[in-house]
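Heads up: the structure comes next, in structure tokens.
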Amino acid sequence: MAKKATEKSASRPLEAGEVVVLRDRRERRYRVKLKPGGEYHTHMGPLSHDDLIGHEEGGFVATTKGNKFLVLRPTLTEAVQELPRHSQVIYSKDLGAILMHGDIFPGARVLEIGLGSGATSSALLRAIGQGGSLVTYEVREEVIEGAKRNIAELVADPSNHTVQLRDAYEEGISEQGLDRIVMDVPEPWRLVERAAGALRPGGILLSYLPTVLQVHQLGMALQEERRFQLPETVELLERPWHVTKQSIRPEHRMIAHTGFITTARRCEPAPAWGKPVVETVAVEAVEAEADPLT
Ligand SMILES: C[S@@+](CC[C@H](N)C(=O)[O-])C[C@H]1O[C@@H](n2cnc3c(N)ncnc32)[C@H](O)[C@@H]1O
């Protein structure tokens with residue numbers, strides 16, 4: 001069986017069954033799944049799959065008319081953009097931020113709510129590695145098979161991923177002692193109390209939302225649930241740049257808005273803090289020591 005693009009770091013030749021991306025001289029992209037005996041027809045002449053199989057990634061191949069293409073395996077960012085999708089996938093800039101703000105680490109026990117097309121699941125699986133586990137709840141049965149196919153394309157061995165057909169709003173969360181919960185559903189505030197019950201102390205709840213009204217409603221629910229502390233919301237803007245010898249400027253187009261990432265830490269219920277007690281004498285002594293003029 002062909003190894004997937006994401007599987008190994010060592011350099012190895014392209015194999016039958018792999019997806020590769022060809023780039024012409026203008027950097028236009030052509031996605032090809034390699035099949036022994038196959039032929040890819042381009043406006044610059046046909047290209048034999050057999051010439052690609054066994055070729056090194058990062059090299060150039062020529063059509064029968066002599067036109068050259070650069071050949072590379074797709075990165076996860078490229079692959080996510082091209083996934084067959086049943087719902088809005090999370091863009092790679094936000095996937096990267098989810099992994100960092102959610103502090104997704106190798107070996108983590110993660111619950112994801114909202115499978116969609118499986119882009120987020122794939123990024124989570126890559127980050128937790130084989131030592132971690134990912135459970136994903138999804139309410140729409142019809143999206144599950146397609147998402148699993150997408151994940152199988154992007155992740156070398158997704159055997160530590162379980163998908164459950166489940167309405168999290170109605171049926172709640174069964175997992176306990178979780179390190180992280182990642183939610184991409186429209187009404188995450190309905191799950192805040194149950195997420196607090198399922199996360200271990202110090203665990204992180206992360207929610208991805210497209211509108212500020214949703215962020216506000218989630219923020220209010222987090223404030224009410226005393227087991228969550230340190231709520232934070234971030235938005236990332238990614239502006240691509242055009243860089244050539246003659247001209248360096250932002251690209252004319254950028255994606256203006258995708259979504260907001262909100263996180264909070266699962267802690268003990270907040271105590272009534274009371275009035276701070278200040279040791280006045282000790283503080284003065286320290287200040288006097290620190291200032292050489294006194
Ligand atoms: C925007 S999509 C998630 C996209 C996903 N993050 C990705 O990168 O492909 C939201 C998904 O949440 C699912 N969903 C909505 N409400 C849900 C619920 N109560 N329980 C479980 N899944 C739910 C929807 O069916 C949909 O597939």
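Okay, so the sequence shown: first residue is 1 according to the numbering used here, each after it adds one. Ideal Cβ positions, reconstructed from N, Cα and C, are used throughout, including at glycine. Being a predicted model, the structure only gives us computed values, none of them experimental.
Worksheet item: Is threonine 162 near ligand 1, going by C-beta to nearest heavy atom under 7 Å?
Response: no
Fill in: Straight-line Cα distance separating valine 89 from alanine 270
35 Å
Discussion item. For proline 106, which residues in the same chain have their Cβ closer than 8 Å to its Cβ, ignoring the five residues on either side in sequence?
Written reply: Ala127, Ile128, Gly129, Gly131 and Gly132
Worksheet item: Between Ala195, Leu14, Leu218 and Ile144, which lies nearest to arginine 85 when the distance is taken from Cα to Cα?
Response: It is Ile144 whose Cα lies nearest to the Cα of arginine 85.
Fill in: Any non-hydrogen atom of ligand 1 within 7 Å of isoleucine 255 CB
no
Fill in: Nearest candidate by alpha-carbon position, reference valine 79, set Arg200, Gln164, Arg31 and Val212
Rather than valine, the amino acid found at residue 79 in this sequence is alanine. Considering only alpha carbons, the answer is Arg31.
Worksheet entry | Same chain only: Cβ atoms within 6 Å of threonine 162, ignoring 5 sequence neighbours per side | Val135
Item to complete: Taking only the alpha-carbon atoms, compute the straight-line gap between methionine 1 and isoleucine 53 and give it to the nearest angstrom.
Response: For methionine 1, the predicted model reports a pLDDT of 43, less than 50, meaning its position is unreliable; a value from the coordinates is still stated below. Each residue's alpha carbon lies about 14 Å from the other.
Discussion item. Within a Cβ cutoff of 8 Å, which residues of the same chain sit near serine 11, ignoring the five residues on either side of it in sequence?
Written reply: Glu56 and Glu57
Worksheet item: Per the contact definition of three or more C-beta pairs closer than 8 Å, is the segment 255-271 in contact with the segment 202-217?
Response: Counting C-beta pairs with one atom in each stretch, the segment 202-217 and the segment 255-271 have three or more that are closer than 8 Å, which means they touch.
Worksheet item: Buried or exposed: which applies to threonine 63, given that a residue is buried once 16 or more other Cβ atoms fall within 10 Å of its Cβ?
Response: buried
Worksheet entry | 8 Å Cβ cutoff met for arginine 200 and isoleucine 104 | no
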